[in-house]
Each structure stands twice: as structure tokens, then as C-alpha cells.
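Each residue of the sequence shown is one higher than the last, beginning at 520 in the working numbering.
Beta carbons: idealized from backbone N, C-alpha and C, even for Gly.
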Amino acid sequence: MNSLKESENVKNLVISIADFLLSQSSSKFDSLFTRRLKLAVDCLEKVYSIHLRDYLRMRNSLSLPEVFERASNPVPVKNQLEAEQCKIRGNNLVFQEKYCLAEAEYTKAIHLNELNPVYFCNRADTRIKQGRYHMAIEDSQRALSLDSHYAKAYARLGTAYFMMNHPAKAARCYKKALKIEPQNQFYLRALGCITQPTNSCGVEIFSPIYRLKKNLSTLASNFAPLRGAGEYGYHTFTNEMRDLRSPSILHFSEMID
Numbered sequence: 520m521n522s523l524k525e526s527e528n529v530k531n532l533v534i535s536i537a538d539f540l541l542s543q544s545s546s547k548f549d550s551l552f553t554r555r556l557k558l559a560v561d562c563l564e565k566v567y568s569i570h571l572r573d574y575l576r577m578r579n580s581l582s583l584p585e586v587f588e589r590a591s592n593p594v595p596v597k598n599q600l601e602a603e604q605c606k607i608r609g610n611n612l613v614f615q616e617k618y619c620l621a622e623a624e625y626t627k628a629i630h631l632n633e634l635n636p637v638y639f640c641n642r643a644d645t646r647i648k649q650g651r652y653h654m655a656i657e658d659s660q661r662a663l664s665l666d667s668h669y670a671k672a673y674a675r676l677g678t679a680y681f682m683m684n685h686p687a688k689a690a691r692c693y694k695k696a697l698k699i700e701p702q703n704q705f706y707l708r709a710l711g712c713i714t715q716p717t718n719s720c721g722v723e724i725f726s727p728i729y730r731l732k733k734n735l736s737t738l739a740s741n742f743a744p745l746r747g748a749g750e751y752g753y754h755t756f757t758n759e760m761r762d763l764r765s766p767s768i769l770h771f772s773e774m775i776d
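So, in C-alpha cells, the structure goes:
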């Protein structure tokens, strides 16, 4: 597993280098300079089997200059410690279901240390629970730009897409989370709920409210014995669906980091 992750990290680094070289080739009007840069990029793409989809996959990641800048200017230890205290306060507020206040604490943590993906992922959770799905997507993507192997960030992204009535995108996110954590039972069951595509008449159902009523109630009962144990936190599911933005689906999300 570690060797696979190292291999992917190497490829991501090469993609960043190739992307940087391509940006340089378009910034100068020197034909010889441009040809040589493109030749270098062609060589990298052939050696490391880089395709267009790889560039698209990395589009939300930090650029090479950004990585260099951050490595050259590490976050002071004092800021890191203060940020962790903000995160702890935010976590306590989440357990009290004070999501707006928790969001503010995570935002403080981010201002102190914007290199920690956990803060973005936790803030995404609070924003989802407040119905601010677009902002949650941005936070989840930012977390993934800092750590492309952060399974929980993919799950948060999937939840936000699901609540915006984009089940196909949600399913892709959960599949990515499962690729990182293949034994995660929450991801497996959540994906199963999202990818049940038909009703009794064989008609495709892509409505979150339908899935929440029909599928997640089953998920809740299946997880009932695990409630409050170990890694996951679950709450009692109710069928009282006040509206599409009901936070019921959020009761099945993993505990914050």
C-alpha cells in the first residue's frame, strides 16, 4: 500500500512539473524555448504515462510554485498550536450541534495554518449541515489539494454533491474514498444507497429526498448496533423529512477529525 502511494506521489510530482513547464512555454514568445520545453514535457508524459485526465485530476491541487513557496515559509509552531486549539473548540461545538460557531473556529484555525487539510474538511462538515453545499465543496476540494489521499474529504465532497442532487458525482467521490479505505463500512453502505438507481417501476431515481426516505432509513437500522462505538458516530434516523435541505443524511457522516 505504501509503495503504491509513493508511486502515485511521484507521478503527481511529475505532473506538477510538466504543468509548470507548460505554463512557462505559454509565457514567452520564444519559439526555440517553447519547442524545447514541450519536448521536455513530451518526454515526461511518455516515461510516466501521463494523460489529459491526469492533468484534470490535479487541477485543484497546489501548483509547483505554491508548493515551493509554502515549503520555504513553514507555519510557525505557535500558529500550529493555536490552530489546534481552535480545532478542538470547533469539534466540541459540533458535538453540541452549534455548527455556525464551529465553522467560525475552523475558519480561525485555517487563518492560523492553511496547510492542514483537516481544518478544511471539518469546516466542510459544518457547512454541509448548514445547507451551504457549494462552500462545502470548495473546502473539500481544498483539503484534497493538500492531501490527495484524504478519504474523509472525498466522503464530504460526495455528501455535498448528493445533497445538491448530483448522485453520479457523489458516487464517484465515495468510490475514490473506498479506493483509499476499501474496508470502510460507512463508505460501502453510503455508496450502496446512492447507486440504487431504480424504483419498483424500473424508473431511475436521482432524487435525494427519495433516497433519504427509502435507503438511508435502512442504513440507520443496519448501523444501530455500532452507534457511539469507535470511529463512527451515528444518530437516530427519523422519517420526518421537513425539506430537501434536512440534515438527516448528515447524521450518518463520520465523526470529525
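Straight across, the Cα-Cα distance linking leucine 634 with leucine 665 is about 7 Å. Runs of the alpha helix (DSSP H) spanning 4 or more residues and lying entirely within the segment 652–693 occur at 652–665 and 670–682, in chain order. With a cutoff of 8 Å on beta-carbon distance, glycine 650 and alanine 628 are scored as not near each other. Around the beta-carbon of cysteine 640, 16 or more other beta-carbon atoms lie within 10 Å, marking it buried. Straight-line measurement puts the Cα of leucine 697 at about 7 Å from the Cα of asparagine 703.
DSSP, read as helix, strand or coil, puts leucine 581 in coil. For arginine 589 and leucine 581, the gap between their C-alpha atoms comes out near 10 Å. Per DSSP, the unbroken alpha helix (DSSP H) holding serine 550 starts and ends at 550–566.
Of all C-beta pairs linking the segment 566–580 to the segment 528–536, three or more are shorter than 8 Å, placing the two stretches in contact. For a cut-off of 8 Å, the C-beta gap from tyrosine 625 to lysine 606 is around 7 Å, short enough to register as a contact. Across the structure, histidine 653 and leucine 551 are spaced so that their CA atoms are roughly 44 Å apart.
For leucine 707, the uninterrupted alpha helix (DSSP H) segment begins and ends at 704–713. Aspartate 549 has its alpha-carbon roughly 42 Å from the corresponding atom of alanine 655. Beta-carbon to beta-carbon, lysine 671 and tyrosine 680 are separated by about 15 Å, too far to satisfy the 8 Å threshold. Assignment of leucine 571 by DSSP, reduced to helix, strand and coil, places it in the helix class.
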